[in-house]
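Written out as structure tokens, the structure reads:
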């Protein structure tokens, strides 16, 4: 080997060594902490990056469709022939979120009822009021001058109506369904991850229920503290054995339960806010050109008419609504919308977000407390009226309070119906106090349902005690008395000075229904009803917040 070759080999060796050094000093935060440089220990250490490994994108929950957020004009952009003046147009921005592709169907709700009846059998005295409080009011179909009695007995439970939207559900029942759905979805995710035994969720009793927030805050109190469930999964058994391995350094730091930072469990299902619902219903992405919208939308579909202009279904109605006086679906042999009452979900084309029946079929509950005015000056980002800020209750030693089986507290609604305030296994929530509000800039109390609503009473600071609060907007207060035998005595508020039905228990519902004329199909229209009441033309669908990036996955901007 001559001197030239030796020199070449030496230069190559120096180059390779330099390359190795540069690679070793190159910052790699995939397996190390960006803050400290410490190595991420993975699934068993206190510095565990996450349970699933690499979680960057939120998984889409069952039944949901992704809605990319943005700015839009919320409120009426058409004429106001009704003179309501309750939806003045304002510019708002909505964060990205998820929404049910369809309204909650009878079949979906019956699954909830079946679970409730199985876990809390009404034959047991302690549970006797839980299942009835979840059942929709099927008597909403009755009419003093109409024969619709068959719907009272068949609409909810007959298989012919299984894919029809559930009705007769009040706002409170809809909220409880969302809570139940959250827990059942996350329970299945834990099972699939091997953290609980397979099918254990199918055999639980009332004192062994799963609650997502309880699991995050105090996992050992979930399932009533039943270790055979908490540590009975394939993965959870292995973690427990690892924790108990005295020969392993750092074994005591092994993470036995899924935590929020692991990204495995989904955020809560909930009712959409009014702003979210209206934004999703409009589906303005269909008229977007570059970074602006081409015109306006009167309905969830493009165009100014309720009939399709496409060749394959030309002149077909695009929603289920009342055609005219005494006309709910056209004539025999030539039905306008193929329905006289509600119609099966997905009977009509989806809007540009992929959502079905955002106009017609049934109106839908949203989360907001109703006020005639949308406050635009104080907040124009993810607008929502109805915040009641709470915190989990803790004992003196810092442990969390969980609703025990023998302490189910019931609330008597103004219509005399008993409903549980909380369910066994849930965290006890209390209003935020001075510890959280003192010298804080963004909020100073717990209940903001009447914040800046224009009423003089809402500007008076008062103790957050329902018994001491004066009625908002001078609304009626009906009185309910239940004696020791369970007999309910009701008394109407006969005060002639009452001026409105609006109070902090009045909720917004949106969209037209099979009973409504075309005017109500406009997503901007808004109506209200007390949260304990229900109708044969009001249903609901669930939503879920999007965590992380505004967009879903890596998307390129489209023209």
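In mature numbering (1 follows the signal peptide of the UniProt record, and there is no 0), the protein residues as written are -26 to -1, 1 to 533. Ideal Cβ positions, reconstructed from N, Cα and C, are used throughout, including at glycine. This structure is a prediction, so every number in the text was calculated from the model and none was measured.
From what residue to what residue does the beta strand (DSSP E) around residue i run?
| i | result |
| --- | --- |
| residue 151 | Where residue 151 is concerned, there is no enclosing beta strand (DSSP E), although the alpha helix (DSSP H) it sits in stretches over 145 to 166. |
| residue 500 | 500 to 504 |
| residue 468 | Counting along the chain, residue 468 falls outside any beta strand (DSSP E), and DSSP gives it neither H nor E. |
| residue 337 | 337 to 343 |
| residue 517 | 517 to 519 |
| residue 253 | Element bounds for residue 253: not the beta strand (DSSP E) but the alpha helix (DSSP H), 248 to 256. |
| residue 135 | Element bounds for residue 135: n/a, residue is neither H nor E. |
| residue 456 | 453 to 456 |
| residue 214 | Looking at the DSSP string, residue 214 is not in any beta strand (DSSP E); the run it does join, the alpha helix (DSSP H), is 208 to 217. |
What's the C-alpha gap between residue i and residue j?
| i | j | result |
| --- | --- | --- |
| residue 459 | residue 386 | 15 Å |
| residue 191 | residue 235 | 12 Å |
| residue 139 | residue 197 | 32 Å |
| residue 485 | residue 231 | 42 Å |
| residue 482 | residue 322 | 24 Å |
| residue 401 | residue 378 | 10 Å |
| residue 150 | residue 508 | 15 Å |
| residue 289 | residue 479 | 42 Å |
| residue 219 | residue 227 | 11 Å |
| residue 210 | residue 167 | 9 Å |
| residue 278 | residue 272 | 6 Å |
| residue 300 | residue 314 | 11 Å |
| residue 312 | residue 258 | 27 Å |
| residue 52 | residue 62 | 10 Å |
| residue 349 | residue 371 | 42 Å |
When every heavy atom of the ligand MG is checked, does at least one fall within less than 7 Å of the C-beta of residue i?
| i | result |
| --- | --- |
| residue 153 | Among the components of this structure there are no ligands whatsoever, and the ligand MG is therefore not found. |
Determine the burial state of residue i: buried for a count of at least 16 other Cβ atoms within 10 Å of its Cβ, exposed for fewer.
| i | result |
| --- | --- |
| residue 463 | exposed |
| residue 250 | buried |
| residue 291 | buried |
| residue 427 | buried |
| residue 517 | buried |
| residue 208 | exposed |
| residue 132 | exposed |
| residue 522 | exposed |
| residue 494 | buried |
| residue 283 | exposed |
| residue 524 | exposed |
| residue 453 | exposed |
| residue 534 | Beyond the ends of the chain as shown, which are -26 and 533, falls residue 534; an answer cannot be given. |
| residue 134 | exposed |
| residue 205 | buried |
| residue 223 | exposed |
| residue 125 | buried |
| residue 352 | exposed |
| residue 293 | buried |
| residue 202 | exposed |
| residue 229 | buried |
| residue 145 | buried |
With respect to the alpha helix (DSSP H) encompassing residue i, which residues constitute its N-terminal and C-terminal limits?
| i | result |
| --- | --- |
| residue 394 | Counting along the chain, residue 394 falls outside any alpha helix (DSSP H), though it belongs to the beta strand (DSSP E) covering 392 to 394. |
| residue 91 | 80 to 93 |
| residue 124 | 123 to 128 |
| residue 484 | Unbroken run through residue 484 is the beta strand (DSSP E), 480 to 484; no alpha helix (DSSP H). |
| residue 408 | 408 to 411 |
| residue 365 | Residue 365 -> not in any alpha helix (DSSP H); beta strand (DSSP E) instead, spanning 364 to 366. |
| residue 403 | Careful: residue 403 lies outside any alpha helix (DSSP H), inside the beta strand (DSSP E) at 403 to 405. |
| residue 384 | Element bounds for residue 384: not the alpha helix (DSSP H) but the beta strand (DSSP E), 384 to 386. |
Just to confirm my understanding: we take residue i, look at its own chain, exclude 5 residues before and 5 after, and list those with CB closer than 8 Å. What are they?
| i | result |
| --- | --- |
| residue 358 | 247, 248, 249, 341, 342 |
| residue 35 | 72, 159, 240, 243, 518 |
Kindly list the residues whose CB is nearer than 6 Å to the CB of residue i, restricted to its own chain and excluding five residues on each side of it in sequence; keep chain order.
| i | result |
| --- | --- |
| residue 96 | 102, 105 |
| residue 45 | 67 |
| residue 363 | 406, 420 |
| residue 422 | 361 |
To which residues of the same chain is residue i closer than 7 Å at the C-beta, ignoring the five residues directly before and after it?
| i | result |
| --- | --- |
| residue 269 | 261 |
| residue 148 | 245, 339, 514 |
| residue 253 | 46, 68 |
| residue 417 | 363, 411 |
Can you give, in chain order, each stretch of the alpha helix (DSSP H) that sits fully within the region 167 to 203 and has at least 4 residues?
186 to 191
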